[in-house]
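Enquirer:
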Amino acid sequence: MSNFRLTNNAVKLGGGRFTYPDVPPESAIITLGNELLASTESWRTGKTFAKGKDTDSESSWYCRVSRHNKEDATFDEFWSKLGVNKAENEKQFVSAVKQVTEVKRISATQSVWTLYYTYPPPVSPRVFTVLQTTYLSSATPRSGLIVSIPIDLSDDEVLAKIERKGVRGRYVAVERLLELDDGEVEWRMATSATPGGMIPSFIAESSMPGQIAADVTHFLKWFHTIRNRTAAEV
80 MSNFRLTNNA
90 VKLGGGRFTY
100 PDVPPESAII
110 TLGNELLAST
120 ESWRTGKTFA
130 KGKDTDSESS
140 WYCRVSRHNK
150 EDATFDEFWS
160 KLGVNKAENE
170 KQFVSAVKQV
180 TEVKRISATQ
190 SVWTLYYTYP
200 PPVSPRVFTV
210 LQTTYLSSAT
220 PRSGLIVSIP
230 IDLSDDEVLA
240 KIERKGVRGR
250 YVAVERLLEL
260 DDGEVEWRMA
270 TSATPGGMIP
280 SFIAESSMPG
290 QIAADVTHFL
300 KWFHTIRNRT
310 AAEV
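Per my numbering, the very first residue in the sequence shown carries number 80; after that it's consecutive.
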């Protein structure tokens, strides 16, 4: 755990990017994810987000925090869509995500996913490949953590063939669902990303606050659609 940090480069302090199968232990990833989210309490607060800086990342970190009552979704409902098959579900409420593939299931709580994003011209499609690790705590208050870090598959010919081809972007994201005493759920997310290619970082970063805030609205709209459909079928 002492030889790496969570950055959008996924760079070990000793040098080199994370490559499969040389991946950090799940426990170390979860520990660093919790530490990162704890640090967001001191980040500079904006209108809809908080912004921090990590010198190992190519771009700034952004954080959003939202609270939700049971009409929005319960803790179990949130976890069922964000903590389980997250990439598959993101395809349903993030319009830019056109294809997702589980490249490798490492354990019940860790998988490698590749996500294919498309954007309006002239921006080329982007491919983001991440190692996704989840942890669900049954302690009181209940909480769940989802950590996504970029990973390089080029050293594994079999996995590299499964990965969608395109301009490679990178992102790291840590999300926590926390069940509060009043039954509400806090959804906290911190992320840092670089789109790759020729897009200047300041352009990508200028849209980041709005994008991560809008993701909450898009998720709830999608979730309520499937919740209402399920209720109607009962």
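We put the CB at the ideal spot given by N, CA and C, even for glycine.
So Val253 and Leu116 are in contact, right, with Cβ under 8 Å, and what is the actual spacing, rounded?
Expert: As a working note, residue 253 is residue 174 in the sequence shown. As a working note, residue 116 is residue 37 in the sequence shown. Confirmed, about 6 Å.
Enquirer: Within 10 angstroms of the Cβ of Leu257, are there 16 or more other Cβ atoms? Answer buried if so, exposed if not.
Expert: Along the sequence shown, one-based indexing puts residue 257 at 178. Leu257 is buried by the Cβ-count criterion.
Enquirer: When the distance is taken between beta carbons, is Val182 closer than 8 Å to Thr193?
Expert: Taking the first residue of the sequence shown as 1, we reach residue 193 at position 114. Taking the first residue of the sequence shown as 1, we reach residue 182 at position 103. Against a cut-off of 8 Å, the Cβ pair of Val182 and Thr193 comes out as a contact.
Enquirer: Sorted by chain position, which residues of the same chain lie with C-beta nearer than 7 Å to Ile305's C-beta, five sequence neighbours on each side aside?
Expert: The sequence position of residue 305 within the sequence shown is 226, counting from 1. So no residue of the chain qualifies.
Enquirer: Run through the DSSP bridge pairs and tell me what Ala166 is partnered with.
Expert: Your numbering for residue 166 matches position 87 in the sequence shown. Answer is none; Ala166 lacks a bridge partner.
Enquirer: Residue ranges of each alpha helix (DSSP H) run of no fewer than 4 residues wholly in the segment 195–245, ordered along the chain?
Expert: You should have 236–241.
Enquirer: Which value, in whole angstroms, describes the spacing of the CA atoms of Arg308 and Phe172?
Expert: Against the sequence shown, residue 308 aligns to sequence position 229. Against the sequence shown, residue 172 aligns to sequence position 93. If you take the alpha carbons of Arg308 and Phe172, they lie about 16 Å apart.
Enquirer: Restricting to runs no shorter than 3 residues, where is the beta strand (DSSP E) found entirely within the segment 245–299?
Expert: Within the segment 245–299, the runs of beta strand (DSSP E) that reach at least 3 residues and sit entirely inside it are, in chain order, 249–258, 264–273.
Enquirer: Can you list, in chain order, the residues of its chain with a C-beta nearer than 6 Å to that of Ser121? Leave out the 5 residues immediately preceding and following it.
Expert: Residue mapping note: residue 121 aligns to position 42 of the sequence shown, counting from 1. For Ser121, where only same-chain residues beyond five positions count, there are no Cβ hits under 6 Å.
Enquirer: Would you mind sorting Lys165 into buried or exposed? The rule is 16 or more other CB atoms within 10 Å of its CB.
Expert: Translated into the one-based positions of the sequence shown, residue 165 becomes position 86. Classification of Lys165: buried, given that the 10 Å Cβ count is 16 or more.
Enquirer: Could you give the C-beta distance for Phe97 and Asp235, rounded to a whole number, given that I count them as a contact under 8 Å?
Expert: Within the sequence shown, the letter at position 18 stands for residue 97. Within the sequence shown, the letter at position 156 stands for residue 235. Incorrect: roughly 12 Å between the Cβ atoms, too far for contact.
Enquirer: May I ask you to report which of helix, strand or coil DSSP gives Glu181?
Expert: As a working mapping, residue 181 is identified with position 102 in the sequence shown. Note: Glu181 maps to strand in three-state DSSP.
Enquirer: For Arg249, is the classification buried or exposed, using 16 other Cβ atoms within 10 angstroms of its Cβ as the cut-off for buried?
Expert: The sequence position of residue 249 within the sequence shown is 170, counting from 1. Classification for Arg249: buried.
Enquirer: Let me know if Thr134 comes out buried or exposed under the rule of 16 or more other beta-carbons within 10 Å of its beta-carbon.
Expert: Stepping through the sequence shown from its first residue, residue 134 is reached at position 55. Note on Thr134: pLDDT 45, under 50, position unreliable in the model; the coordinate value appears next. Exposed is the call here.
Enquirer: Would DSSP call Thr110 helix, strand or coil?
Expert: Locating residue 110 in the sequence shown gives position 31, where the first residue counts as 1. In this structure, Thr110 counts as helix in the three-state DSSP scheme.
Enquirer: Taking the alpha-carbon of Leu224 as reference, which of Ser139, Ala239, Glu265, Ala310 has the nearest alpha-carbon?
Expert: Indexing the sequence shown from 1 puts residue 224 at position 145. Looking at the Cα atoms, Glu265 is the closest of the given residues.
Enquirer: I need the straight-line Cα distance from Gly125 to Leu259, nearest angstrom please.
Expert: Locating residue 125 in the sequence shown gives position 46, counting from the first residue. Locating residue 259 in the sequence shown gives position 180, counting from the first residue. Going from the Cα of Gly125 to the Cα of Leu259 covers about 24 Å.
Enquirer: Pairs of beta-carbons, one from the segment 209–225 and one from the segment 239–246, closer than 8 Å: are there three or more?
Expert: no
Enquirer: What does the alpha-carbon distance come out to for the pair Val202 and Thr296?
Expert: The residue you call residue 202 lines up with position 123 of the sequence shown. The residue you call residue 296 lines up with position 217 of the sequence shown. Roughly 25 Å between the two C-alpha positions.
Enquirer: Rounded to whole angstroms, how far is the Cβ of Thr188 from the Cβ of Glu105, which I believe are closer than 8 Å?
Expert: In the sequence shown, residue 188 corresponds to position 109, counting from 1. In the sequence shown, residue 105 corresponds to position 26, counting from 1. At roughly 6 Å, the Cβ-Cβ gap stays under 8 Å, so Thr188 and Glu105 are in contact.
Enquirer: Tell me the rounded alpha-carbon separation between Arg205 and Phe154.
Expert: Sequence index remark: in the sequence shown, residue 205 carries index 126 (1-based). Sequence index remark: in the sequence shown, residue 154 carries index 75 (1-based). Cα to Cα, the separation comes out at about 32 Å.
Enquirer: Under a Cβ-count criterion, where at least 16 other Cβ atoms within 10 Å of its own Cβ denotes burial, should His303 be classed as buried or exposed?
Expert: The residue labelled residue 303 in the question sits at position 224 within the sequence shown. Classification of His303: exposed, given that the 10 Å Cβ count is below 16.
Enquirer: Name the residue from Ala107, Pro100, Cys142, Asp101 whose alpha carbon lies nearest to the alpha carbon of Ser118.
Expert: Taking the first residue of the sequence shown as position 1, residue 118 is located at position 39. Checked all of Ala107, Pro100, Cys142, Asp101; the closest Cα to Ser118 is Cys142.
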